[in-house]
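Quick notes on the structure that follows.
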Amino acid sequence: GNSVTQMEGPVTLSEEAFLTINCTYTATGYPSLFWYVQYPGEGLQLLLKATKADDKGSNKGFEATYRKETTSFHLEKGSVQVSDSAVYFCALGGSGGSNYKLTFGKGTLLTVNP
Amino acid sequence: DVKVTQSSRYLVKRTGEKVFLECVQDMDHENMFWYRQDPGLGLRLIYFSYDVKMKEKGDIPEGYSVSREKKERFSLILESASTNQTSMYLCASTSGAGLGTQYFGPGTRLTVL
Numbered sequence: 716g717n718s719v720t721q722m723e724g725p726v727t728l729s730e731e732a733f734l735t736i737n738c739t740y741t742a743t744g745y746p747s748l749f750w751y752v753q754y755p756g757e758g759l760q761l762l763l764k765a766t767k768a769d770d771k772g773s774n775k776g777f778e779a780t781y782r783k784e785t786t787s788f789h790l791e792k793g794s795v796q797v798s799d800s801a802v803y804f805c806a807l808g809g810s811g812g813s814n815y816k817l818t819f820g821k822g823t824l825l826t827v828n829p
Numbered sequence: 017d018v019k020v021t022q023s024s025r026y027l028v029k030r031t032g033e034k035v036f037l038e039c040v041q042d043m044d045h046e047n048m049f050w051y052r053q054d055p056g057l058g059l060r061l062i063y064f065s066y067d068v069k070m071k072e073k074g075d076i077p078e079g080y081s082v083s084r085e086k087k088e089r090f091s092l093i094l095e096s097a098s099t100n101q102t103s104m105y106l107c108a109s110t111s112g113a114g115l116g117t118q119y120f121g122p123g124t125r126l127t128v129l
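First to last, the sequence lines map onto chains A and B.
Reading the first sequence from the start, the letters are residues 716 to 829 in our numbering.
Reading the second sequence from the start, the letters are residues 17 to 129 in our numbering.
Below you can see the structure in the form of structure tokens.
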């Protein structure tokens, strides 16, 4: 079945540091890939997504590229801010008829200090 | 903006009580989901519904049931709450053509004493 493995946290960075959160997946077919973010006390919200190989998703300075050859979708940001402190989830969409279901990684807590 | 609302942000119940968690979405989405979120375990799917009165078990359905009588509303029921059901419960919805983009509610933190 589908599975997602993401870097375990917590990750603590200083403001303006470079961020990478690794995510790899196992899936059949051609799934869509997602990064969701959960700010303290809130539900999850979509950060970015990519629907096919070599696509790059980007939003709010974050980027991730769908790498089919390495089955990866690593999240990066060149310069983090305190307001980026949150839990980040990598997720995999099913392919075909079950495309609306998602499989989530366990989440990575990011703390950015001033 | 898509809005998914959940009936309570915090809930405290006693062991053995029947608990209802309500979720409402305003975007006419076909698919709705209930997850629980626990530290170190991430999100785990309890049940989902792809149409009114239709439901499928997720990865951890034991001890839970669901109801979807109207398209916009999806209820999670704990028939007899137990302490191991203390958790954060998240509701989400998506359209059939959404390619997996799910919209989440703010969550209900349930404590069972």
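All residues carry an ideal CB built from backbone N, CA and C; glycine is no exception.
Taking a contact to require three or more Cβ pairs closer than 8 Å, the segment 718-730 of chain A and the segment 815-822 of chain A qualify as touching. The three-state secondary structure of B:Gln101, taken from DSSP, is helix. If you look at A:Val719, you'll find it in the beta strand (DSSP E) that goes 718-721.
By the neighbour-count criterion, in which a residue is buried when 16 or more other Cβ atoms sit within 10 angstroms of its Cβ, B:Met70 is exposed.
The beta-carbon of B:Phe64 is placed less than 8 Å from the nearest beta-carbon of chain A.
The C-alpha of B:Leu57 lies about 20 Å from the C-alpha of A:His789. Excluding five sequence positions before and after A:Ser787, the CB atoms of its chain that fall closer than 8 Å to its own CB belong to Asn737, Cys738, Thr739, Tyr740, given in chain order. At least one CB atom of chain A sits nearer than 8 Å to the CB of B:Leu57. Looking only at A:Ser773, A:Thr785, A:Gly808, the smallest Cα-Cα distance to A:Lys792 is reached by A:Ser773. The beta carbon of B:Ser83 sits closer than 6 Å to the beta carbons of Ser91 from its chain, once the five residues preceding and following it are set aside; these are given in chain order. B:Gln22 is bridged by DSSP to B:Cys39.
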